[in-house]
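Structure, as structure tokens:
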Amino acid sequence: MKKYTVIILVFVAFISCKKEDRKPVQNTLKNTAYVEPFIGTGGHGHTYPGATVPFGMLQVTPVNGISAWDWCSGYHYSDSIAVGFSHLALSGTGIGDLADILFMPINKEVDLSPTPLSRDSLNYKSKYSHKNEKASPGYYQVFLEDHNVNVELTTALRTAYHKYTFDKNDTQSVVIDLGFAINWDKALQTSITIEDEHTISGYRFSKGWAANQKVFFVAKFSKPITKHHIYTDGNRVENTTSEGIKTSAQLFFDAQDSSELFTKVALSSVSIENAKDNLETGDFNFDTVKNEAEDTWNEALTKIEVETPIDSLKTIFYTAMYHAQVAPVTFSDKNGQFRKENDEIVTAENYTAYSTLSLWDTFRAEHPLLTFVATDKVSDIINSMLAYYETKNILPVWTLYANETNTMTGYHSIPVIVEAYLKGIRGFDAEKAFEAMKTTMMQDERGLNHYKKHGYIPYNLIDESVTITLEYAYDDWCVAQMAKALGKNDDYEFFLNRSKAYEYLFDNETGFMRGKSEDGKSWNEPFDPKHSNHREQTDYTEGNAWQHSWFVPHAVDDLITLHGGNDTFTNRLEQLFTESSEITGDNISADITGLIGQYAHGNEPSHHIAYMFNHANQPWRAQYWARHIMDTQYNTTPNGLSGNEDCGQMSAWYALSSIGLYPMNPASAEYEIGSPIFEKASIAISEGKSFVIEAENVSDKNIYIQSATLNGTDFNQTTILHSQIMEGGTLKFVMGSEPNKNWGTANN
6 MKKYTVIILV FVAFISCKKE DRKPVQNTLK NTAYVEPFIG TGGHGHTYPG ATVPFGMLQV
66 TPVNGISAWD WCSGYHYSDS IAVGFSHLAL SGTGIGDLAD ILFMPINKEV DLSPTPLSRD
126 SLNYKSKYSH KNEKASPGYY QVFLEDHNVN VELTTALRTA YHKYTFDKND TQSVVIDLGF
186 AINWDKALQT SITIEDEHTI SGYRFSKGWA ANQKVFFVAK FSKPITKHHI YTDGNRVENT
246 TSEGIKTSAQ LFFDAQDSSE LFTKVALSSV SIENAKDNLE TGDFNFDTVK NEAEDTWNEA
306 LTKIEVETPI DSLKTIFYTA MYHAQVAPVT FSDKNGQFRK ENDEIVTAEN YTAYSTLSLW
366 DTFRAEHPLL TFVATDKVSD IINSMLAYYE TKNILPVWTL YANETNTMTG YHSIPVIVEA
426 YLKGIRGFDA EKAFEAMKTT MMQDERGLNH YKKHGYIPYN LIDESVTITL EYAYDDWCVA
486 QMAKALGKND DYEFFLNRSK AYEYLFDNET GFMRGKSEDG KSWNEPFDPK HSNHREQTDY
546 TEGNAWQHSW FVPHAVDDLI TLHGGNDTFT NRLEQLFTES SEITGDNISA DITGLIGQYA
606 HGNEPSHHIA YMFNHANQPW RAQYWARHIM DTQYNTTPNG LSGNEDCGQM SAWYALSSIG
666 LYPMNPASAE YEIGSPIFEK ASIAISEGKS FVIEAENVSD KNIYIQSATL NGTDFNQTTI
726 LHSQIMEGGT LKFVMGSEPN KNWGTANN
């Protein structure tokens, strides 16, 4: 993999220096050289290795053809069979969909009429080896052993480029299978048309996690199509157009003049005409597009620059930065049009519409990271949410191809909007956004009727009542902050008061948040804080009481008081990390991964917890556990993520934590101080302005902050405001191997 190339290049540069003049080697490698797209493709990371550009519309990537949890992206590193290359993919989700518009180059004629029962019966599949597979930002390559075809993929924002190199004089053919589906996906209606000797077009309508997904496509080939076979629902048809539930085609090309075949593909949610408009004009300059994709990525990866002599840390960091910018994805076409879930076609005026919003995950660190590295995208993402609100009269929960999946709990589009506004990001209608937030939190769907009536959600009325209550309480706090910023005092008081809903569920005797009956007195019994029951007959979402009892990021000081003070609170917090990792129950959630004690880093509800030590006067414990999580939950292998990537959240946690910052409460517009691992990290603020974080003496042993200065002035606090960072300057830490229990505490 690429990391070995990086190490060799640096080593060669080092030994070439004269012995008498061994100055530090100037690193001239682009940041893209440190990205390893295969990180997360193994284990339960659920990432894909294919080609995309930052927030690109297309994800052109290999598909293994297995329907299973670890193949949610279509690909898993344990596999060695490819069935084709699709143009849409999910990065790190816990539910599988997409893999639309499948292309597969092959060197023989096949019969596409049989209905395959599994991938084993697909006669166009092929073996491949990781020895003949490469990936880098904006590029993917693999050799198909059964067809002797080398496949290379790259992409622009709305156009994918394929390069197929066949053996000399071999049959040159491409299979397009629109009936193919994995995981939750199912084709409902598809069509293929051969428009001319170089062009095909069609559509694929499907039902899956996205209940109403309509994908239109066009593809142009560098050679004329010399022969074709088209199939509709298992029958070969003798014409140039086919429509049915499952359509497929095999196209043949002249092998005499060149062993290379190029194709470029564009998609649209609206129409074939829009797909044609999205298709890049010009020829098939594959290498040019590949280089442009790499340049685009390199620019995206320079928004935060880190310095360290340890290449593996750079690989983890820049891969995290890469994964944090593959989603959300561009959804509107070049002309601004996009399709809504109700099939209404609208135009994004003065913004780009985005989809694949995994908000339950990404509000925590992904969106805060984007306020640094993709500030220009933030208001567009919010406008995309508000466009959804116009149709549904409610803000989105989890959108996929503009469909509401209603996956997960809470309405966490709300903290994303509030965070952006309080960080000074404009470009969206704040009054309309407030209306959307207030309307959303005052309606009766998804348990809000019970929440409004009781002040919490009784466990006997709705599953996952504890998690839902705690998350609604946080969303309420966010609405209150927006109301305050807009001068809406009555709304501020109302939502601030409702944001204390967590107080109903705290059981002082056990120290956990527990399910409470609608009588307001009795708890859900029997109670086992280690018990997990996945998504049914449970008080907690994808976890247990140990993992969910800490979600009060907006009122940590009050939570400490409920526990009885700092000592009791920190003892219980420490116990979370040191308790046995046993999870009890007959239907344990597979999402509980990355366990450190009962802390589960592989799922998002745990992500803020280590930083809560800062509020209990023990910041050195936050420094210890944050560093321990970084050291144990991330590495440079395909198993380098301890749980689902979840559209950038797992990576964003690392990207921010590794430079010493974390948004424990994102909508507060401030960051907790943790334990930086780099000698230097520079955040680009604007042209000529940056915010630099230095960590003197930092090492794998020197993880504790001894002292700090901000622009040369003593800095002795465990939080820093976003506004302070945006002013530019230097935050310098001196690190040591033992805690300085006076730094960042009331003892100083």
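Mapped onto the numbering used here, the consecutive letters of the sequence shown carry residue numbers 6 to 753.
A virtual CB, placed ideally from N, CA and C, is assigned to each residue, including glycine.
All of these numbers come straight from a predicted model, not from anything done at the bench.
Subject >> Three-way DSSP call (helix, strand, coil) for N538 in this model >> reply: Looking at N538 - three-state DSSP - the assignment turns out to be strand.
**OP:** Would you decide whether G207 is buried or exposed? Buried here means 16 or more other CB atoms lie within 10 Å of its CB.
**Re:** Buried is the call here.
Original post:
Hey, how far is the Cα of I473 from the Cα of K295?
Top reply: Rounded to whole angstroms, the separation of the alpha carbons of K295 and I473 is 45 Å.
Original post:
How close, in whole Å, do the beta carbons of G749 and E371 come, if the pair is a contact with beta carbons under 8 Å?
Top reply: Contact check for G749 and E371: beta-carbon distance about 26 Å, past the 8 Å limit, so the pair fails to qualify.
Original post:
What does L405 pair with, by DSSP beta-bridge criteria?
Top reply: Here L405 is bridged, per DSSP, to N408.
Original post:
Unbroken alpha helix (DSSP H) runs of length 4 or more, entirely within the stretch 173-229: which are they?
Top reply: The qualifying runs do not exist here; there are none.
Subject >> Cα-Cα separation between I725 and E436, rounded to whole angstroms >> reply: Spanning the two alpha carbons is a distance of roughly 28 Å.
**OP:** Kindly indicate the opening and closing residues of the alpha helix (DSSP H) around E371.
**Re:** Counting along the chain, the alpha helix (DSSP H) containing E371 begins and ends at E371 to V378.
Subject >> Backbone CA spacing between L466 and Y509 [nearest angstrom] >> reply: Computed Cα separation, rounded: 16 Å.
**OP:** Would you kindly check if the distance between the Cβ of N644 and the Cβ of G48 is under 8 Å?
**Re:** In this structure, the beta-carbon distance from G48 to N644 falls below 8 Å.
Subject >> Secondary structure, beta strand (DSSP E): runs of 3+ residues fully inside the stretch 56-98 >> reply: Unbroken beta strand (DSSP E) runs of no fewer than 3 residues, entirely contained in the stretch 56-98, are found at 66-68 and 89-91, following chain order.
Original post:
Roughly how many angstroms lie between the CA atoms of S527 and K521, to the nearest whole one?
Top reply: Distance between the alpha carbons of S527 and K521 is about 6 Å.
Subject >> Presumed contact (8 Å Cβ cut-off) between Y323 and N36, rounded CB distance >> reply: By a beta-carbon distance limit of 8 Å, Y323 contacts N36. Their separation comes to about 5 Å.
Original post:
If we count the other Cβ atoms within 10 Å of its Cβ and call it buried at 16 or more, is K308 buried or exposed?
Top reply: Around the Cβ of K308, a 10 Å sphere holds 16 or more other Cβ atoms; the residue is buried.
**OP:** Tell me whether the beta-carbon of N112 lies closer than 8 Å to the beta-carbon of D175.
**Re:** N112 is a Cβ neighbour of D175, given a cutoff of 8 Å.
Subject >> Nearest candidate by alpha-carbon position, reference L374, set A660, D719, A56 and L34 >> reply: It is A660 whose Cα lies nearest to the Cα of L374.
Subject >> Closest residue to E310 among I664, D636 and M487 (Cα-Cα distance) >> reply: Nearest of I664, D636 and M487 to E310, Cα basis: I664.
Original post:
How about the stretch 573-588 and the stretch 601-618: do they share at least three Cβ pairs that are nearer than 8 Å?
Top reply: The stretch 573-588 makes contact with the stretch 601-618; the number of CB pairs closer than 8 Å reaches 3 or more.
**OP:** Assign L405 to buried or exposed, taking buried as 16 or more other Cβ atoms, counted over all protein chains shown, within 10 Å of its Cβ.
**Re:** Buried, by the Cβ-count rule.
Original post:
Are the stretch 225-237 and the stretch 151-163 in contact at 8 Å, needing three or more beta carbon pairs?
Top reply: Counting Cβ pairs under 8 Å, fewer than three are found: no touch.
Original post:
Hey, does F43 have any beta-carbon neighbour from chain C nearer than 8 Å?
Top reply: Among the chains in the structure shown there is no chain C, since it carries only a single protein chain.
Original post:
How would you label I315, buried or exposed, when you count the other beta carbons within 10 angstroms and need 16 or more for buried?
Top reply: Around the beta carbon of I315, fewer than 16 other beta carbons sit within 10 angstroms, so the residue counts as exposed.
Original post:
Going by beta carbon distance, what residues of the same chain come within less than 8 Å of T301, once the five residues before and after it are set aside?
Top reply: Cβ neighbours of T301 within its own chain (closer than 8 Å, five residues either side excluded): V58, P59 and G143.
Original post:
For L578, which three-state DSSP category applies?
Top reply: In the displayed model, L578 falls within a helix according to three-state DSSP.
**OP:** Please confirm whether H568 and G516 have their CB atoms less than 8 Å apart.
**Re:** Yes; because the gap between Cβ atoms is below 8 Å, this pair is in contact.
**OP:** Decide if R431 is buried, meaning its Cβ has at least 16 other Cβ atoms within 10 Å, or exposed.
**Re:** By the neighbour-count criterion, in which 16 or more other beta carbons inside 10 Å mark a residue as buried, R431 falls on the exposed side.
**OP:** Can you have a look at A751 and say buried or exposed, based on whether 16 or more other CB atoms are within 10 angstroms of its CB?
**Re:** Its Cβ having fewer than 16 others within 10 Å, A751 is exposed.
Original post:
Would a C-beta distance cut-off of 8 Å place E114 and K132 closer than the cut-off?
Top reply: Contact check for E114 against K132 fails: the beta carbons are separated by 8 Å or more.
**OP:** Starting from P624, trace the alpha helix (DSSP H) both ways and give me its first and last residue.
**Re:** Residue range P624 to Q638 is occupied by the alpha helix (DSSP H) that includes P624.
Original post:
Exposed or buried, what is D544 when buried is set at 16 or more other beta-carbons lying within 10 Å of its beta-carbon?
Top reply: Burial call: buried.
Subject >> Assumed close pair G548, T598 - CB separation to whole angstroms, cut-off 8 Å >> reply: No, G548 and T598 are not in contact; Cβ-Cβ is about 11 Å, not under 8 Å.
Original post:
Which of the three DSSP states, helix, strand or coil, is assigned to M413?
Top reply: It is coil, neither helix nor strand.
**OP:** Quick one: using the 10 Å Cβ neighbour count with 16 as the cut-off for buried, is K28 buried or exposed?
**Re:** Any reading at K28 needs caution, since the residue's pLDDT is 38, under 50, leaving its predicted position unreliable; the model's value is listed next. Under the 10 Å beta carbon count, K28 is surrounded by fewer than 16 other beta carbons and is classified as exposed.
Original post:
Going by beta carbon distance, what residues of the same chain come within less than 6 Å of L736, once the five residues before and after it are set aside?
Top reply: Scanning its chain for C-beta atoms nearer than 6 Å, with the 5 sequence neighbours on each side dropped, one finds around L736 the residues I698 and L715, in chain order.
Original post:
Short check: CB of I755 to CB of H633, under 8 Å?
Top reply: Lying outside 6 to 753, the shown extent of the chain, residue 755 is not represented and no answer is given.
**OP:** Specify whether the stretch 273-280 and the stretch 183-195 touch according to this definition: at least 3 beta carbon pairs, one from each stretch, less than 8 Å apart.
**Re:** No, they do not touch.
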